[in-house]
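Accompanying notes for the structure given below.
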Amino acid sequence: MQYLLDFSVYLEQERNLSSQTVKAYTSDIKDFLNFLENKGKKIEHINYSLIREYIGSLMEKGKKYTTLARKISSLRSFLHFLSSREILVDFPTSALRSPRLKRKIPSFLDEEEMATLLDQIEGEGFCFSRDKAAFELLYATGMRIAELVSLNVDSIDFNEEIVRVKGKRGKERLVPMGKYAQLALKEYLEYRKGKIAPGERALFLNKFGERISDRYMRERLNKYLKKVGINKHITPHTLRHSFATHLLNRGADLRSVQELLGHERLSTTQIYTHITPSHLKKVYDKSHPRS
Numbered sequence: 001m002q003y004l005l006d007f008s009v010y011l012e013q014e015r016n017l018s019s020q021t022v023k024a025y026t027s028d029i030k031d032f033l034n035f036l037e038n039k040g041k042k043i044e045h046i047n048y049s050l051i052r053e054y055i056g057s058l059m060e061k062g063k064k065y066t067t068l069a070r071k072i073s074s075l076r077s078f079l080h081f082l083s084s085r086e087i088l089v090d091f092p093t094s095a096l097r098s099p100r101l102k103r104k105i106p107s108f109l110d111e112e113e114m115a116t117l118l119d120q121i122e123g124e125g126f127c128f129s130r131d132k133a134a135f136e137l138l139y140a141t142g143m144r145i146a147e148l149v150s151l152n153v154d155s156i157d158f159n160e161e162i163v164r165v166k167g168k169r170g171k172e173r174l175v176p177m178g179k180y181a182q183l184a185l186k187e188y189l190e191y192r193k194g195k196i197a198p199g200e201r202a203l204f205l206n207k208f209g210e211r212i213s214d215r216y217m218r219e220r221l222n223k224y225l226k227k228v229g230i231n232k233h234i235t236p237h238t239l240r241h242s243f244a245t246h247l248l249n250r251g252a253d254l255r256s257v258q259e260l261l262g263h264e265r266l267s268t269t270q271i272y273t274h275i276t277p278s279h280l281k282k283v284y285d286k287s288h289p290r291s
């Protein structure tokens with residue numbers, strides 16, 4: 001399917017989306033193209049009637065609203081791609097709206113759990129020092145796991161104590177890093193010298209001296225979670241949730257957290273304004289005249 005291949009290149013090179021997002025989008029569009037083929041239709045035949053029928057077929061299969069929203073988002077991107085290539089003309093993709101979803105409060109580790117996890121990543125050698133540096137940096141900056149594994153050595157500025165993070169759509173932001181992350185990084189960089197493959201610029205390396213994958217980092221996180229006995233469903237993104245939650249609980253303003261996370265819209269950051277019961281009690285005790 002040439003359209004699918006071209007769309008994949010468009011997502012990678014023009015939209016600067018992560019490999020994971022590209023994979024999800026192309027999978028969704030492959031499903032849509034199969035739907036068209038079964039209907040005996042071609043790309044040029046796409047209209048609202050066909051799209052409504054496709055979405056209806058997904059609903060009949062019992063797809064969750066989250067799945068529907070993602071597939072509609074993928075479809076919107078595909079239609080925009082087709083319009084930009086003048087394969088489809090005068091098709092207003094903005095009219096294709098995703099279903100409204102109830103936003104769930106994101107799961108997070110409390111400060112004690114976070115400290116326990118990071119303090120347990122101890123040991124000698126390259127792997128331990130890399131994992132310690134990676135997870136300290138992930139929590140210190142709140143970056144996405146895809147952003148972490150895409151860092152290069154020159155992304156770190158120890159003089160200014162910042163990290164240059166390349167986010168979605170290639171947008172760069174500067175994020176401060178704390179002393180724990182800096183110390184862990186400096187120790188890791190000493191070990192990295194003996195592992196690096198020729199010409200490799202990646203900050204975090206695998207055992208072959210090449211850029212590490214986000215999948216492998218997920219596996220490493222699971223290892224440490226088992227070690228400390230944390231039984232929650234935790235992913236690298238949970239560290240991002242924890243970063244935002246802890247900042248807001250300690251008085252950070254929402255706009256600053258938005259900038260640190262790299263969110264384009266403030267409404268995306270507002271999901272982190274949930275209040276933990278312990279924080280609520282502290283605020284009450286401090287603020288209420290008859291507490």
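Residues 1 to 291 (UniProt numbering) are what the sequence shown spells out, left to right. By construction, the Cβ of each residue, glycine as well, lies at the ideal position given by its N, Cα and C atoms.
With fewer than 16 neighbouring CB atoms inside 10 Å of its own CB, Arg215 falls in the exposed class. Assignment of Leu174 by DSSP, reduced to helix, strand and coil, places it in the strand class. Between Ala146 and Ser18, the beta carbon gap of about 4 Å places them in contact (Cβ cut-off 8 Å). Following the DSSP letters along the chain, one finds Ile121 in no alpha helix (DSSP H), marked with neither H nor E.
The beta-carbon separation of Phe7 and Phe81, rounded to 5 Å, stays under the 8 Å limit for a contact.
When secondary structure is reduced to three states using DSSP, Lys61 falls in the coil class, being assigned neither helix nor strand. A straight line joining the alpha-carbon of Arg255 with that of Leu174 spans about 15 Å.
Between Leu75 and Leu68 a beta carbon distance of about 10 Å is seen, past the 8 Å cut, so the two are scored as non-contacting. Under DSSP, Leu205 forms a beta bridge with Arg211.
If you look at Ile162, you'll find it in the beta strand (DSSP E) that goes Ile162 to Lys166. Taken through DSSP and simplified to helix, strand or coil, Asn34 comes out as helix. For Lys193, no alpha helix (DSSP H) encloses it, and the DSSP letter there is neither H nor E. Where Asn249 is concerned, the enclosing alpha helix (DSSP H) starts and stops at Pro236 to Asn249. Closest option to Ala202, judged by alpha-carbon separation, among Tyr10, Ile87, Leu151 and Ser129: Leu151. Look at the beta carbons and you see the stretch 110 to 128 touching the stretch 225 to 239: at least three pairs across the two are nearer than 8 Å. Three or more beta-carbon pairs separated by less than 8 Å are not found between the stretch 104 to 115 and the stretch 152 to 169, which leaves the two stretches without contact.
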